[in-house]
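J.: The numbers in this note's numbering rise by one with no breaks, and the one at position 31 of the sequence shown is 1293. Idealized CB from N, CA, C, for every residue including glycine. Structure in structure tokens, see below.
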Amino acid sequence: MARGRGAEQYSAANLLQSKPGSHSGTLQKLSKQERENKLSVCNKICYAIGGAPYQITGCALGFFLQIYLLDVAQLDPFYASIILFVGRAWDAVTDPTVGFLVSRSRWTRFGRMMPWILLSTPFAVASYTLIWYVPSFEQGKVAWYLIFYCFFQTLQTCFHVPYSALTMFISSDQKDRDSATAYRMTVEVLGTVVGTAIQGQIVGASNAPCIRGELDEPMSNLSTVADVNVTHVTLEETRTAYIIASGVIGAIYVLCAIILFFGVRERKDTGRQRSEKPMSFFEGLRLVMGHGPYTKLVMGFLFTSLAFMLLEGNFALFCSYTLGFRNDFQNILLAIMLSATLAIPFWQWFLTKFGKKTAVYVGISWVVPFMILIVCLKSNLIMAYVVSVAAGISVAAAFLLPWSMLPDVVDDFKLKNPDSRGYEAIFYSFYVFFTKFASGVSLGISTLSLDFAGYQTRGCTQPEAVNLTLKMLVSPAPIALIILGLIIFKLYPIDEETRQGNRKLLQELRDNDQDSEMESNEIGSVV
């Protein structure tokens, strides 16, 4: 006991005498730590490059898979709709599952998210290539595409969910995370350009030859279509072009994963982790879905995402048949993606200047008049390009804003649930779940609608019912969904004032935690 008292007296005296110096040393250590934790431009670029594979493959699948299954693999529209819907629905189900498994993963010397990204990459690339391969047999062709499509979606989820959650682990500074998110959105939209360019230009040079049917003789019942079969390309050459495009995209996928691994360091100490026991899946689901701002954000963007996915999934068919630009649709798609890429810096400036909620209303509603205009055109190629460029500006906003707002919701959750941890991946995985579910619904409904309208596989032209259906799928339906999403988003409670207040409170909590940790270390070293 006497020895203990003496130690306490010595420790107290030592602390009193060294307090000013210790405080100065603490400030110096904190300042040094802040500098070390600051993300460099190189770190942000490497982090952003990691988001490209998801957008490159997603863009290629979104724009071209439907027309590939119908006109190249020559599947019945009913079976094509089953593949598209089941594949995306399965993909949606895997997101919260993978998110839960990631949240329960142990920390390794490579981090907690990085092992998932690295191990899934080679298998994802292999399954992606097999999606674009047409097997020689006919009986099991539907099963072939369904299996490899679901397999790829699962593996891509194992890459993208940890990557999305990585946003919260690369830095504890909100400005750094916002800046990294802007870099990421720019690269991801650039990824859509790369995906559209590679897939479109390689495949566009080898368009599947169309077949003139009985309905093609009397043109009175059909839309006027110019230059529907000006190329002399065999179906085998078209199939080879799809394989080549998938190989190029697969190589880019691997390269991006390598750059992400070597260019980004996952930080273990960015979050406040007071609870020793991680949340169970259902506890995490209850907390996440019970968080009001998150629910409103997700529901608002669920409808707007569904709108843009309807447009994306049917635009190639719309350009080919309704507008009659069978040999130009890949260039029109490329114009949309290039415009979206160039618009990302503008929207980043706009949301900084006027706030994220204002950017949502202006950015997403911007596309509405151009959706109306595109269905009113009568095969005017120049106007089609003008409308595409204008629409790309809105696509950029739809890409950037959801991901820039998710960290704000996570920070708000932290303040209201300070003792919870392991929820970051759950937040991101459920957001991805809803957007992918929307994609599955849109693709399934689209292809079934075309089947009911009488879509003719590899037809040089389509009946008026098909053209009318395509017009509905790229204009009135998306517009209605956008309006509904913006109405729901009106209830989203985190404005700029709330966001800045949350940011200051979180910074104070981090500073207090660091001070407490430094004082505990000093006392421990003295004792």
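Taking only runs of the alpha helix (DSSP H) that begin and end inside the stretch 1723–1783, which ones reach a length of at least 4 residues, in chain order?
T.: Runs found: 1726–1736, 1738–1751.
J.: Could you name each continuous alpha helix (DSSP H) segment of 4 residues or more that falls completely within the stretch 1347–1410, going from the start of the chain to the end?
T.: The stretch 1347–1410 contains these whole alpha helix (DSSP H) runs: 1376–1393.
J.: Just the Cα atoms here: how many angstroms apart are Phe1612 and Tyr1411?
T.: Computed Cα separation, rounded: 38 Å.
J.: Would you check if the stretch 1459–1467 and the stretch 1314–1334 touch, i.e. whether three or more CB-CB distances between them fall below 8 Å?
T.: These segments touch.
J.: Using C-beta distances below 8 Å, list every residue in its chain close to Trp1394, excluding the 5 sequence neighbours before and after it, in chain order.
T.: Contacts found: Tyr1330, Tyr1504, Ile1505, Ala1507, Ser1508.
J.: State the Cα-Cα distance for the pair Leu1549 and Ala1335, rounded to the nearest angstrom.
T.: Their Cα atoms are separated by approximately 44 Å.
J.: Three Cβ pairs or more, each shorter than 8 Å: is that satisfied between the stretch 1397–1406 and the stretch 1336–1346?
T.: The answer is yes - the stretch 1336–1346 touches the stretch 1397–1406, with three or more Cβ pairs under 8 Å.
J.: Nearest to Leu1712 by alpha carbon, out of Leu1301, Ala1342, Ile1307?
T.: When each option's Cα is compared against that of Leu1712, the closest is Ala1342.
J.: Answer with buried or exposed for Ile1520, where buried requires no fewer than 16 other C-beta atoms within 10 angstroms of its C-beta.
T.: With fewer than 16 other Cβ atoms within 10 Å, it is exposed.
J.: Cβ of Tyr1808 within 7 Å of Cβ of Ile1379?
T.: With the chain running from 1263 to 1789 in the structure shown, residue 1808 is simply not present.
J.: Relative to the alpha-carbon of Leu1517, which residue among Phe1563, Val1364, Val1387 has its alpha-carbon at the smallest distance?
T.: That would be Val1387, whose Cα lies nearest to the Cα of Leu1517.
J.: Compute the beta-carbon to beta-carbon distance between Leu1748 and Tyr1623, rounded to the nearest angstrom, for a pair I have assumed lies under 8 Å.
T.: Correct: roughly 6 Å between the Cβ atoms.
J.: Could you check the C-alpha separation between Leu1572 and Ala1742 for me, to the nearest Å?
T.: So the alpha carbons of these two residues sit roughly 12 Å apart.
J.: According to DSSP, is Trp1628 helix, strand or coil?
T.: In the structure shown, Trp1628 sits in coil (DSSP, three-state: anything other than H, G, I, E or B).
J.: Could you give the DSSP three-state label for Glu1528: helix, strand or coil?
T.: In the structure shown, Glu1528 sits in coil (DSSP, three-state: anything other than H, G, I, E or B).
J.: Taking only three categories from DSSP, how would you classify Thr1557?
T.: If DSSP states are grouped into helix, strand and coil, Thr1557 belongs with the helices.
J.: Excluding the 5 residues flanking Val1560 on each side, which residues of the same chain have their C-beta closer than 8 Å to its C-beta?
T.: Only Phe1692, Tyr1693, Phe1696 meet the Cβ criterion.
J.: Identify the continuous alpha helix (DSSP H) that holds Ile1649 and give its terminal residues.
T.: Looking at the sequence shown, residue 1649 is not Ile but Val. Looking at the DSSP string, the run of the alpha helix (DSSP H) that includes Val1649 is 1643–1678.
J.: Three-state secondary structure (DSSP) at Gln1328?
T.: Reduced to three states, the DSSP call for Gln1328 is helix.
J.: Got a sec, what are the start and stop residues for the alpha helix (DSSP H) Leu1613 sits in?
T.: Element bounds for Leu1613: 1591–1616.
J.: Report the CB separation of Leu1668 from Trp1609 in whole angstroms; it is logged as a contact under 8 Å.
T.: Going by Cβ atoms, the distance from Leu1668 to Trp1609 rounds to 16 Å, so no, they are not a contact pair.
J.: Give the secondary structure of Val1423 by DSSP, where H, G and I count as helix, E and B as strand, and everything else as coil.
T.: Note: Val1423 maps to helix in three-state DSSP.
J.: Measuring only the C-alpha atoms, how far is Val1510 from Cys1321?
T.: Their backbone Cα atoms lie some 14 Å apart in a straight line.
J.: Using a threshold of 7 Å, state whether the C-beta atoms of Leu1767 and Leu1677 are closer than that.
T.: Contact: yes.
J.: Let's test the definition: count the other Cβ atoms within 10 Å of the Cβ of Asp1670 and tell me whether it reaches 16, buried, or not, exposed.
T.: Buried, since its Cβ has 16 or more Cβ neighbours within 10 Å.
J.: How would you label Cys1638, buried or exposed, when you count the other beta carbons within 10 angstroms and need 16 or more for buried?
T.: By the 10 Å Cβ count, Cys1638 comes out exposed.
J.: For Asp1773, count neighbouring C-beta atoms within 10 Å of its own C-beta (all shown protein chains included) and say buried if the count is 16 or more, exposed if not.
T.: So Asp1773 counts as exposed.
J.: Just reading off the alpha helix (DSSP H) that Lys1306 is part of, what are its end residues?
T.: Lys1306 -> alpha helix (DSSP H) spans 1303–1311.
J.: Out of Arg1529, Val1396, Phe1524, point me to the one whose CA is closest to Glu1228's CA.
T.: The requested residue 1228 is not part of the displayed model; the chain covers only 1263 to 1789.
J.: Rounded to whole angstroms, what is the Cα-Cα separation between Thr1391 and Glu1726?
T.: Taking the straight line from one Cα to the other gives about 35 Å.
J.: Under 8 Å Cβ to Cβ from Phe1421, same chain only, skipping five residues before and after it: list those, please.
T.: Only Pro1315, Tyr1316, Trp1378, Ile1379, Ser1382, Thr1383, Ala1386, Ala1519 meet the Cβ criterion.
J.: Should the stretch 1704–1723 be regarded as contacting the stretch 1433–1453, the criterion being three or more beta carbon pairs within less than 8 Å?
T.: No, because fewer than three Cβ pairs between the stretch 1704–1723 and the stretch 1433–1453 fall closer than 8 Å, the two stretches do not touch.
J.: Using CA coordinates, which residue listed in Tyr1583, Ala1602, Ile1745 is at the minimum distance from Val1728?
T.: Of the candidates Tyr1583, Ala1602, Ile1745, the one whose C-alpha sits nearest the C-alpha of Val1728 is Tyr1583.
J.: Out of Lys1618, Ser1433, Leu1596, which one is the CA nearest neighbour of Gln1762?
T.: Of Lys1618, Ser1433, Leu1596, the residue nearest in Cα terms is Lys1618.
J.: Do Ala1658 and Ile1598 come within 7 Å of each other at the CB atom, strictly closer than that value?
T.: Result no, Cβ atoms of Ile1598 and Ala1658 do not sit closer than 7 Å.
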